[in-house]
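First comes the structure, then the notes that go with it.
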Amino acid sequence: MKVDVSIGHQLERVADSVRAAEAAGYDGVRTAEMNHDPFLPLLLAAEHSERLEISTSIAVAFARSPMILANLGHDLNAYSKGRFTLGLGSQIKPHITKRFSMPWGAPAAQMRELVLAMRAIWANWYEGEPLQFVGKHYTHTLMTPAFTPENKDYGPPRVVLAAVGPHMTEVAGEVADGMIIHPFSTVPYIEQVTLPAIERGLARAGRRREDFEISYSNFVVTGRDEAEFEASKRAARERIAFYGSTPAYKGVLESIGVGELQGELNTMSKQGRWKEMGTLIGDDVLAEFAVVGEPGQIAAEMLRRYGAFTDRTSASFPVSDDGQRREIIAALRAG
Amino acid sequence: MKVDGGVGWELDKVGAQARELEDMGYSGILTAETAHDPFFPLLVAAQNTSKVDLMTSIAVAFARTPMVLANIGHDLNAASKGRFILGLGSQIKPHITKRFSMPWSDPAARMREFILAMRAIWASWHEGKPLEFAGKYYTHTLMTPFFTPTDNEYGAPRVFLAAVGPLMTEVAGEVADGVIIHAFTTEKYLRETTLPALERGFAKAGKKREDFEISYPVFVVTGSNEQELAAARTATRKQIAFYGSTPAYKPVLDSIGAGELQAELNKMSKQGRWDAMGELITDDILREFAVDGEPASIPGQIKARYGDMIDRTSAAYANIAKADRVKIINELTAA
Numbered sequence: 001m002k003v004d005v006s007i008g009h010q011l012e013r014v015a016d017s018v019r020a021a022e023a024a025g026y027d028g029v030r031t032a033e034m035n036h037d038p039f040l041p042l043l044l045a046a047e048h049s050e051r052l053e054i055s056t057s058i059a060v061a062f063a064r065s066p067m068i069l070a071n072l073g074h075d076l077n078a079y080s081k082g083r084f085t086l087g088l089g090s091q092i093k094p095h096i097t098k099r100f101s102m103p104w105g106a107p108a109a110q111m112r113e114l115v116l117a118m119r120a121i122w123a124n125w126y127e128g129e130p131l132q133f134v135g136k137h138y139t140h141t142l143m144t145p146a147f148t149p150e151n152k153d154y155g156p157p158r159v160v161l162a163a164v165g166p167h168m169t170e171v172a173g174e175v176a177d178g179m180i181i182h183p184f185s186t187v188p189y190i191e192q193v194t195l196p197a198i199e200r201g202l203a204r205a206g207r208r209r210e211d212f213e214i215s216y217s218n219f220v221v222t223g224r225d226e227a228e229f230e231a232s233k234r235a236a237r238e239r240i241a242f243y244g245s246t247p248a249y250k251g252v253l254e255s256i257g258v259g260e261l262q263g264e265l266n267t268m269s270k271q272g273r274w275k276e277m278g279t280l281i282g283d284d285v286l287a288e289f290a291v292v293g294e295p296g297q298i299a300a301e302m303l304r305r306y307g308a309f310t311d312r313t314s315a316s317f318p319v320s321d322d323g324q325r326r327e328i329i330a331a332l333r334a335g
Numbered sequence: 336m337k338v339d340g341g342v343g344w345e346l347d348k349v350g351a352q353a354r355e356l357e358d359m360g361y362s363g364i365l366t367a368e369t370a371h372d373p374f375f376p377l378l379v380a381a382q383n384t385s386k387v388d389l390m391t392s393i394a395v396a397f398a399r400t401p402m403v404l405a406n407i408g409h410d411l412n413a414a415s416k417g418r419f420i421l422g423l424g425s426q427i428k429p430h431i432t433k434r435f436s437m438p439w440s441d442p443a444a445r446m447r448e449f450i451l452a453m454r455a456i457w458a459s460w461h462e463g464k465p466l467e468f469a470g471k472y473y474t475h476t477l478m479t480p481f482f483t484p485t486d487n488e489y490g491a492p493r494v495f496l497a498a499v500g501p502l503m504t505e506v507a508g509e510v511a512d513g514v515i516i517h518a519f520t521t522e523k524y525l526r527e528t529t530l531p532a533l534e535r536g537f538a539k540a541g542k543k544r545e546d547f548e549i550s551y552p553v554f555v556v557t558g559s560n561e562q563e564l565a566a567a568r569t570a571t572r573k574q575i576a577f578y579g580s581t582p583a584y585k586p587v588l589d590s591i592g593a594g595e596l597q598a599e600l601n602k603m604s605k606q607g608r609w610d611a612m613g614e615l616i617t618d619d620i621l622r623e624f625a626v627d628g629e630p631a632s633i634p635g636q637i638k639a640r641y642g643d644m645i646d647r648t649s650a651a652y653a654n655i656a657k658a659d660r661v662k663i664i665n666e667l668t669a670a
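Line order of the protein sequences matches chains Y and G.
Numbering follows my numbering, in which position 258 of the first sequence is assigned residue number 258; successive positions increment by one, without gaps.
All you need for my numbering is the position in the second sequence, starting with 1, plus 335.
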């Protein structure tokens, strides 16, 4: 299993974080899109590393035109000499329409078209195919030599999609090079919903599972001492409660027979009772989302539970001891 | 007068180019948006310089949403400690709709709203104002602390707007911090059309001329000997003829009583007669667009013709010795 780590957005710190990640043995570094541009840090990550894979996990796809994403993807992949993966997610309707002022349609269908539009642009740039992409959501029919990148050694980046529901997951299987399973997932949900949807998508495109990379970053509760362990447990419970309050994620709670929790958490979230929500996540529910144990047990347990379907992870290991963290990374990579 | 110089798109070479430009005395570093992302090179330039302004000249505004540009603008301004200038241009309708698959209408009115939308987003981030921007073209009404940058020391970047016609120029005067005037402009057009349009914009916003920068990349014909000068003249004639074939730029030719040339150049451009087009640009017309002479005469000529109007110019002077270029830059920046 490959192991990635998230890097922050403070551009003056990226070089140090990236060098530390490479030294610690990670396979890749990832940025998320929250309150900063997710691509600028990866330019510095590419500059200050030699073998690390770099990826967005995720960038908000519908906030941008496929052409802009195609261009960013090209530039980062060329500069990193083929180490870039464009990880995309849909976000939710209010953020697309009211934060980004962009259109929101049927998200799975729109995402499918967005990825195909980028692939059409890249086919035009790298293979000289005419650009004649006329879709329902996107139109790209104009390209001239002045706007065609010259440096074609590394071609397009890989594209992976973040997905929760079966439709978006199937689209990932069909048109993406991999998918990012949401941390708020259980093994029963992944086995009953996610993996069959990926198989349907792969079948539609005539592709094989080994051409597709699945990333899953489970919660980890551990620590070098009791205080660290308890802090990590509390943080995981609060995060799980936060995700569990989202109506769209009710199916995940249902997969472990606690669907009724969603309504309760949602009500509490509207009252701002975030800390208290965490206490509703009992040890049994926690154990469905998180690997809980001593630092030395984490890697073996992750491999046992998720190894059959997970190709890479960016689980974070809340131990303050660098040596213990390196051991977890090495054991996961060996497994 | 400030003097700006351009860097290319090759990200592994931009650092050295930027250091050289800063050492030569340039005031700013420019990127254009053609076949590559225009922001990545400026992040590299920011890491390699400490004094120069860093400016897109230009990035295609309508290819993006105000939120994405607000974010990039914030990040690059923070990373460069306040040296970033977001230079925007509209591009033309076919490129926006058929290359970028984004909406186009009423370019001046839309651009005005685009810039005001970014300013509303920045006011929300940097001054804590509620984000309630509901315009005709853009809607930004959702912002939460999670998506708000926290490194607010340097605030918003300056915003410059590229403009040719009086409507866009007036918008620049009203809502931008500077205007980027097209190289294809005559002194008469500047004095009779551009400056009055800017003044109307200033008046609307209650702004003063001294709070605003006018950037104009003067055509410069120079060379170390007659042969080089002649070659530079031929090249500049062709460039002027190329721009002159564009219907939207006819008023510029009208300003020097040569409006009838536009249709002729347009017809020839459709026949691909680029060399012959250059020959239509007589010495008189060339003089209206370009300063022309030995390197030592260039700063004086630029100052005499434009010194009372413009705050910054951009200059490459690639065909003359570096020492001569440095002299020109120093002489221009001294006054």
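We treat Cβ as the ideally placed atom computed from N, Cα and C, and that holds for glycine.
Bear in mind that the values here come from a model prediction, so they are computed numbers and not experimental data.
Inset, instruction - Give the DSSP-derived three-state secondary structure of Ala308(Y) in the structure shown. - result: On the first sequence, position 308 is the one that residue 308(Y) refers to. In the structure shown, Ala308(Y) adopts coil according to DSSP, grouped into three states.
Legend entry - Alpha-carbon spacing of Gln91(Y) relative to Ala469(G), whole angstroms: Position 91 of the first sequence holds residue 91(Y). Position 134 of the second sequence holds residue 469(G). In this structure, the CA atom of Gln91(Y) is about 21 Å from the CA atom of Ala469(G).
Legend entry - 8 Å Cβ shell around Ile420(G) - same chain, five flanking residues per side excluded: Looking up residue 420(G) in the second sequence gives position 85. Counting only Cβ-Cβ distances below 8 Å, and skipping sequence neighbours, we find Gly363, Asp388, Leu389, Met390, Thr391, Pro492, Arg493, Val494, Phe495, Asp512, Gly513.
Legend entry - Presumed contact (8 Å Cβ cut-off) between Arg9(Y) and Asn406(G), rounded CB distance: Your numbering for residue 9(Y) matches position 9 in the first sequence. Your numbering for residue 406(G) matches position 71 in the second sequence. The question names Arg, yet the displayed sequence has His at residue 9(Y). In fact, because the Cβ distance is near 10 Å, the residues do not count as touching under 8 Å.
Legend entry - Best match in Arg83(Y), Gly307(Y), Val3(Y) for proximity to Leu42(Y) [C-alpha to C-alpha]: Within the first sequence, numbered from 1, the residue matching residue 42(Y) stands at position 42. Here the closest residue by C-alpha is Arg83(Y).
Legend entry - Near-chain G residues of the segment 139-168 of chain Y (beta-carbon distance less than 9 Å), N- to C-terminal order: Within the segment 139-168 of chain Y, contact with chain G at the beta-carbon level (separation under 9 Å) is assigned to Thr139, His140, Thr141, Leu142, Met143, Thr144, Pro145, Ala146, Phe147, Thr148, Pro149, Glu150, Asn151.
Legend entry - the segment 637-648 of chain G: positions lying closer than 9 Å to chain Y by Cβ: Per Cβ criterion, the list is empty.
Legend entry - Segment limits, alpha helix (DSSP H) that includes Arg575(G): What you label residue 575(G) is simply residue 240 of the second sequence in a count that begins at 1. Correcting the residue type first, residue 575(G) is Ile in the shown sequence and not Arg. Note, Ile575(G): alpha helix (DSSP H), 561-579.
Inset, instruction - Apply the 10 Å Cβ neighbour rule to Asn560(G) and answer buried if 16 or more other Cβ atoms are within range, or exposed otherwise. - result: If you number the second sequence from 1, residue 560(G) lands on position 225. Per the 10 Å Cβ criterion, exposed.
Legend entry - Ile180(Y) - DSSP class collapsed to helix/strand/coil: On the first sequence, residue 180(Y) is found 180 positions in, with the first residue counted as 1. Correct three-state label for Ile180(Y): strand.
Inset, instruction - Would you decide whether Lys98(Y) is buried or exposed? Buried here means 16 or more other CB atoms lie within 10 Å of its CB. - result: For this step, residue 98(Y) is matched to residue 98 along the first sequence. When all chains shown are included, Lys98(Y) counts as buried.
Legend entry - Reduced DSSP category for Arg234(Y) - H, G, I as helix; E, B as strand; rest coil: Residue numbering aside, residue 234(Y) sits at position 234 when the first sequence is read from its first letter. Helix at Arg234(Y).
Inset, instruction - Measure the alpha-carbon distance for Glu666(G) versus Ala653(G) and round it to whole angstroms. - result: By one-based count along the second sequence, residue 666(G) stands at place 331. By one-based count along the second sequence, residue 653(G) stands at place 318. Roughly 17 Å separates the two Cα atoms.
Legend entry - Where Lys585(G) falls, given that 16 or more other Cβ within 10 Å makes a residue buried: Position 250 of the second sequence holds residue 585(G). By the neighbour-count criterion, in which a residue is buried when 16 or more other Cβ atoms sit within 10 angstroms of its Cβ, Lys585(G) is buried.
Inset, instruction - Starting from the beta carbon of Lys399(G), find every residue of chain Y whose beta carbon is closer than 8 Å, and list them in chain order. - result: Here residue 399(G) is taken as the residue at index 64 of the second sequence, counted from 1. The sequence as given places Arg at residue 399(G); Lys does not occur at that position. Those are Arg64, Ser65, Ile68, listed as they occur along chain Y.
Inset, instruction - Helix, strand or coil for Glu213(Y), going by three-state DSSP, please let me know. - result: Here residue 213(Y) is taken as the residue at index 213 of the first sequence, counted from 1. In the structure shown, Glu213(Y) sits in a strand (DSSP, three-state: E or B).
Legend entry - Contacting positions in the segment 67-87 of chain Y - beta carbon closer than 7 Å to chain G: Of all residues in the segment 67-87 of chain Y, Met67, Ile68, Asn71, Leu72, Asp75, Tyr79 have a Cβ within less than 7 Å of some Cβ in chain G.
Legend entry - Residue burial classification, Asp372(G) (beta-carbon count within 10 angstroms, cutoff 16): Within the second sequence, the letter at position 37 stands for residue 372(G). Counting Cβ neighbours within 10 Å, Asp372(G) comes out buried, since at least 16 surround it.
Inset, instruction - Determine the burial state of Ile54(Y): buried for a count of at least 16 other Cβ atoms within 10 Å of its Cβ, exposed for fewer. - result: One-based indexing of the first sequence puts residue 54(Y) at position 54. By the C-beta density criterion, Ile54(Y) is buried, having at least 16 other C-beta atoms within 10 angstroms.
Inset, instruction - Could you tell me which of Gly417(G), Thr648(G), Gly500(G) sits nearest to Ala583(G), measuring between CA atoms? - result: Counted from its first residue, the second sequence places residue 583(G) at position 248. Minimum Cα distance to Ala583(G) is reached at Gly500(G).
Legend entry - Spatial neighbours of Gly424(G) in its chain, beta-carbon cut-off 8 Å, leaving aside the 5 residues before and after: The sequence position of residue 424(G) within the second sequence is 89, counting from 1. So the qualifying residues of the chain are Ile393, Ala394, Val395, Ala396, Leu496, Ala497, Ile515.
Inset, instruction - Establish whether the CB of Tyr489(G) and some CB of chain Y are separated by less than 8 Å. - result: The count along the second sequence starts at 1 and reaches residue 489(G) at position 154. Not closer than 8 Å to any Cβ of chain Y, the Cβ of Tyr489(G) fails to qualify, so no.
Inset, instruction - Output yes if chain Y places a C-beta closer than 8 Å to the C-beta of Tyr578(G); else output no. - result: As a working note, residue 578(G) is residue 243 in the second sequence. With 8 Å as the cut-off, Tyr578(G) does not count as an interface residue toward chain Y.
Inset, instruction - Could you tell me whether any Cβ in chain Y is nearer than 8 Å to the Cβ of Glu429(G)? - result: As a position in the second sequence, residue 429(G) is number 94, starting the count at 1. With the sequence shown as reference, residue 429(G) is identified as Pro, and Glu is not the correct amino acid for it. Chain Y contact via Cβ: present.
Inset, instruction - Give a yes or no on whether 8 Å exceeds the smallest Cβ distance from His36(Y) to chain G. - result: What you label residue 36(Y) is simply residue 36 of the first sequence in a count that begins at 1. Among the residues facing chain G, His36(Y) is included, as its CB has a counterpart in that chain under 8 Å away.
Inset, instruction - Give the straight-line distance between the Cα atoms of Pro166(Y) and Asn487(G), rounded to the nearest whole angstrom. - result: Locating residue 166(Y) in the first sequence gives position 166, where the first residue counts as 1. Locating residue 487(G) in the second sequence gives position 152, where the first residue counts as 1. Distance from the CA of Pro166(Y) to the CA of Asn487(G), rounded to the nearest whole angstrom, comes to 40 Å.
Inset, instruction - Could you round the C-beta distance between Asp311(Y) and Lys2(Y) to whole angstroms and report it? I think they count as a contact, below 8 Å. - result: Along the first sequence, read from residue 1 onward, the residue named residue 311(Y) stands at position 311. Along the first sequence, read from residue 1 onward, the residue named residue 2(Y) stands at position 2. Rounded, the Cβ-Cβ distance is 7 Å, consistent with contact.
Inset, instruction - With a threshold of 16 other CB atoms inside 10 Å of the CB of Trp344(G), please say whether the residue is buried or exposed. - result: Taking the second sequence and counting its residues from 1, one reaches residue 344(G) at position 9. So Trp344(G) ends up on the buried side.
Inset, instruction - Pick helix, strand or coil for Ile92(Y), following the three-state DSSP scheme. - result: As a working mapping, residue 92(Y) is identified with position 92 in the first sequence. It is coil, neither helix nor strand.
Legend entry - Neighbouring residues, chain Y, relative to His475(G) (Cβ below 9 Å): Walking along the second sequence from the start, residue 475(G) turns up at place 140. Here the neighbours are Lys98, Arg99, Phe100, Ser101.
Legend entry - Pro484(G): contacting residues in chain Y (beta-carbon distance under 9 Å): Working through the second sequence from its first residue, we reach residue 484(G) at position 149. Against chain Y, the beta carbon of Pro484(G) has neighbours under 9 Å at His9, Asn35, His36, listed in chain order.
Legend entry - C-beta neighbour in chain Y for Leu346(G), strict 8 Å: Position 11 of the second sequence, counting from 1, holds the residue named residue 346(G). With respect to chain Y, the C-beta atom of Leu346(G) has a partner C-beta closer than 8 Å.
Inset, instruction - Give a yes or no on whether 8 Å exceeds the smallest Cβ distance from Ala353(G) to chain Y. - result: Translated into positions along the second sequence, residue 353(G) becomes position 18. Contact with chain Y is absent for Ala353(G), since none of that chain's Cβ atoms lies less than 8 Å from the residue's Cβ.
Legend entry - Inter-stretch contact (C-beta, 8 Å, three-pair minimum) for the segment 223-238 of chain Y and the segment 172-182 of chain Y: No, the segment 223-238 of chain Y is not in contact with the segment 172-182 of chain Y.
Inset, instruction - Under 8 Å by Cβ, that's how I've got Ala78(Y) and Tyr154(Y) pegged, so tell me the actual separation to the nearest angstrom. - result: The residue you call residue 78(Y) lines up with position 78 of the first sequence. The residue you call residue 154(Y) lines up with position 154 of the first sequence. Indeed they touch by this definition, with Cβ atoms about 5 Å apart.
Legend entry - Interfacial residues, the segment 42-66 of chain Y to chain G, with Cβ spacing under 8 Å: When C-beta distances to chain G are compared with 8 Å, the residues of the segment 42-66 of chain Y below that value are Leu43, Leu44, Glu47, Ala63, Arg64, Ser65, Pro66, in chain order.
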